[in-house]
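**Q** One structure, as structure tokens, below. Some questions next.
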Amino acid sequence: MVDQVARTRRKPRADAERNRERLLEAASEVFNLGKAEGSLEAVARQAGVGIGTLYRHFPTREALFEAIYRREVQQLVALAEQLRKDPSSLGAVRRWVHALVGFISVKKGMSAALAVVAQSSSQLAICMVEQMTQALDTLLQRAAAEGEIRDDIGADNILRALVGICYMQDGPDWQSSVLRVVDVFIDGLRRDRR
Numbered sequence: 001m002v003d004q005v006a007r008t009r010r011k012p013r014a015d016a017e018r019n020r021e022r023l024l025e026a027a028s029e030v031f032n033l034g035k036a037e038g039s040l041e042a043v044a045r046q047a048g049v050g051i052g053t054l055y056r057h058f059p060t061r062e063a064l065f066e067a068i069y070r071r072e073v074q075q076l077v078a079l080a081e082q083l084r085k086d087p088s089s090l091g092a093v094r095r096w097v098h099a100l101v102g103f104i105s106v107k108k109g110m111s112a113a114l115a116v117v118a119q120s121s122s123q124l125a126i127c128m129v130e131q132m133t134q135a136l137d138t139l140l141q142r143a144a145a146e147g148e149i150r151d152d153i154g155a156d157n158i159l160r161a162l163v164g165i166c167y168m169q170d171g172p173d174w175q176s177s178v179l180r181v182v183d184v185f186i187d188g189l190r191r192d193r194r
């Protein structure tokens, strides 16, 4: 019995972890192209693993989408932490927001499935939004303290605006269009230096 408990607590094997990461990366690429209806077989093929490996890690489509969502948010939080050391506080905000547009592009490709995940786990969605808000808020506070941007707008307002901008755009080149608008938006946050 002790042996069985010890086995269940072991860390996953290194190759299993690599396969899981490859699956998440492949699924993000597939969904980033707007192929939410793409088959799980296509995701497995893109990752270079068999469908059985995919199902061992993610028994349902929703489990895969939830894992992608969590991973993308964790990457945004980690990026904010890295960008705290960026010499330009405004540049750090801009880079993080550009990364957020990439996150939203993956999310747009999974929107129908994520709606199901959000309904079944509203706490997950709330937790993820809180993490992104805190990550951006850290960067905004630094930029405001350094006099680079206004201090009268919060991360939650900016996130809502950016999500709205992203979801109003469609078509094959929507990301580059959004990034142009986002740059104008960020420039609008700058303090008037007259």
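Note that UniProt numbering has the sequence shown beginning at 1, numbered continuously upward. Think of the CB as a built atom: it goes at the ideal place given N, C-alpha and C, for glycine as much as any other residue.
Taking three-plus beta-carbon pairs below 8 Å as touching, is the segment 136–148 in contact with the segment 82–93?
**A** Touching, yes, given that three or more Cβ pairs across the two stretches are closer than 8 Å.
**Q** Based on the DSSP output, what are the partners of arginine 190 in its beta bridges?
**A** Partner(s): Ile149.
**Q** When the distance is taken between beta carbons, is methionine 132 closer than 9 Å to residue 195?
**A** Within the shown structure, residues of the chain are numbered from 1 to 194, placing residue 195 beyond reach of any answer.
**Q** Whole angstroms are fine: how far does the CA of aspartate 192 sit from the CA of valine 73?
**A** The alpha-carbon atoms of valine 73 and aspartate 192 are separated by roughly 32 Å.
**Q** Does phenylalanine 58 come out as helix, strand or coil in the three-state DSSP assignment?
**A** Reduced to three states, the DSSP call for phenylalanine 58 is coil.
**Q** I'd like the span of the alpha helix (DSSP H) that includes glycine 164, first residue to last.
**A** Taken as a continuous stretch (DSSP letters only), the alpha helix (DSSP H) holding glycine 164 covers 155–168.
**Q** For valine 178 and serine 105, I'd like the C-alpha separation in whole angstroms.
**A** When rounded, the distance between both Cα atoms is 11 Å.
**Q** Quick check: the segment 85–101 against the segment 42–55, are at least 3 beta-carbon pairs closer than 8 Å?
**A** Touching, no, given that fewer than three Cβ pairs across the two stretches are closer than 8 Å.
**Q** Do leucine 64 and leucine 24 have their C-beta atoms within less than 9 Å of each other?
**A** Taking 9 Å as the Cβ cut-off, leucine 64 and leucine 24 qualify as a contacting pair.
**Q** Are there 16 or more other CB atoms within 10 angstroms of the CB of isoleucine 126, so buried, or fewer, so exposed?
**A** Classification of isoleucine 126: exposed, given that the 10 Å Cβ count is below 16.
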